[in-house]
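Reading through the structure tokens given below for one structure.
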Amino acid sequence: KEGGNLTTLVEFILLGFADVPGLQKFLFGMFLIIYMIILIGNSLFIIITKVDPSLQTPIYFSLGNFSSLEICYVSVTVPRLLADLCRQNRNISFLACATQMYFFLVLGATKCFILTAMAYDRYVAICNSLLYPLIMNTRLCIQSAAGCWISGIPVHIGFTYLIFSLPFCGHNQLDHFFCDIPPALKLACGNTFMIEMLIYVVAVLVVTIPFMLISWSYVQIISTILKLPSATGRAKAFSTCSSHLMVVALFFGSGIITYMRPKSSHSVGVDKRLSLFYTIVTPMFNPMVYCLRNKDIMVAMRKFLSK
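Numbering (UniProt numbering), first residue to last: 1 to 307.
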């Protein structure tokens with residue numbers, strides 16, 4: 001639509017990996033395999049934690065919840081990416097782009113909150129082990145899970161609306177494989193200063209504060225573990241927490257670098273690689289990290305598969 005000298009955009013073109021035309025089939029095959037690993041790995045994890053009575057504990061409830069989230073989280077971006085790798089027409093309407101961005105942000109926030117809840121579970125288990133059954137009761141587990149899923153919804157409805165209320169003009173090529181904030185803002189014309197400040201505020205609330213709470217929990221956990229008298233006890237406690245710490249470091253590290261960097265230091269190539277890391281690579285490793293480093297899960301999996 002023409003408005004003065006500006007052409008108001010009604011759709012974007014997701015460029016994705018169009019800059020490497022010779023690798024389209026290879027990338028499609030690789031991402032499809034990773035997506036299937038994520039779906040199968042997390043689904044198997046959910047089933048095992050539901051059917052095995054020995055895994056009916058708060059931490060496995062949280063892990064099952066986390067696996068459900070991972071399936072939803074990757075399904076927001078990967079199916080669209082796979083479709084775009086197979087076709088020439090990569091147009092995406094404003095509504096579809098806004099919807100994808102909204103669900104990506106909400107599920108990303110939920111992931112931050114669930115990882116924080118899991119850190120609290122580990123903190124209580126190790127630092128207040130005698131009170132653990134009393135504190136981490138079924139009611140608290142369900143309430144915290146519901147809170148994690150719901151709390152990001154109102155913030156990101158308003159946030160996504162504000163971004164798509166900006167005037168977009170000029171070319172409509174979104175140099176990314178999904179509708180994310182940094183590439184969308186590059187196409188916005190006019191003053192985006194307020195939105196950029198809002199991004200930092202939301203990032204502090206959703207990413208930085210949960211990360212600080214997790215870090216504080218692990219400072220307490222590690223200091224408690226180091227006071228344990230037996231080396232076996234220390235090793236067991238460390239192995240219980242190390243898998244969660246690995247997942248936290250991978251996800252929060254890449255997320256903080258992406259959203260907390262100044263706009264001037266954003267480069268398309270770096271943003272795409274970082275996005276691949278926290279949207280596809282870490283969800284693929286999560287079931288492996290939790291399963292391979294957990295004897296209870298391995299025992300339950302052998303029993304389940306032998307049936």
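The beta-carbon is built from N, C-alpha and C at its ideal position, and this holds for glycine as well.
Remember, it's a predicted structure, so these values are computed and weren't measured experimentally.
Under DSSP, Q173 shares a beta bridge with I13. CA-CA distance, M246 to C148, rounds to 21 angstroms.
S243 and T57 have their C-alpha atoms roughly 17 angstroms apart.
DSSP places A188 within a strand segment (E or B) once states are collapsed to three. According to the DSSP assignment, S93 belongs to no alpha helix (DSSP H) but to the beta strand (DSSP E) extending over 91-93. DSSP, read as helix, strand or coil, puts F178 in coil.
Judged by their CB atoms, A231 and L55 are not nearer to each other than the 8 angstroms cut-off.
A direct Cα-Cα distance of roughly 34 angstroms separates V76 from V219. Unbroken beta strand (DSSP E) stretches of 3 residues or longer found wholly inside the segment 33-109: 91-93, given in chain order. Straight through space, the alpha carbons of D271 and Y35 are spaced by roughly 20 angstroms. Segment contact: the segment 150-157 against the segment 167-187, fewer than three CB-CB distances shorter than 8 angstroms; contact not assigned. Excluding the 5 residues flanking it on each side, Y200 has no same chain C-beta neighbour closer than 6 angstroms. Contact annotation: I48 and F277 have beta-carbon atoms that are not nearer than 8 angstroms. Exclusion of the five residues before and after F238 leaves I225 as the residues of its chain whose Cβ lies within less than 7 angstroms of its Cβ. Annotation for V202: the continuous alpha helix (DSSP H) segment containing it runs 193-203. By the Cβ rule, the segment 9-17 counts as touching the segment 86-97, because three or more pairs are nearer than 8 angstroms. DSSP lists A188 as the bridge partner or partners of F168. If you check the CB distance, R122 and I221 come in under 8 angstroms. By the criterion of at least three beta-carbon pairs nearer than 8 angstroms, the segment 186-202 is in contact with the segment 168-175. Taking each of N294, V204, R234 in turn and checking the Cα distance to C112, the smallest one comes out for V204. For the set I214, F251, G253, T258, the Cα lying nearest the Cα of C241 is the one of I214.
At a Cβ-Cβ threshold of 8 angstroms, G64 and I46 count as neighbours.
Contact between the segment 97-117 and the segment 64-73 is established, with three or more Cβ pairs separated by less than 8 angstroms. Taking the Cα positions, T258 is about 44 angstroms away from K307. In the DSSP annotation of this structure, the continuous segment of the alpha helix (DSSP H) that includes D296 starts and ends at 295-306. About 19 angstroms separates the beta carbon of L274 from that of P210, a gap too long to meet the 8 angstroms contact definition. A direct Cα-Cα distance of roughly 30 angstroms separates M194 from V248. Within a 10 Å sphere around the beta-carbon of Q100 sit 16 or more other beta-carbons, which makes this residue buried. Under the criterion of beta carbons closer than 8 angstroms, M298 and G41 do not qualify as touching, at roughly 14 angstroms.
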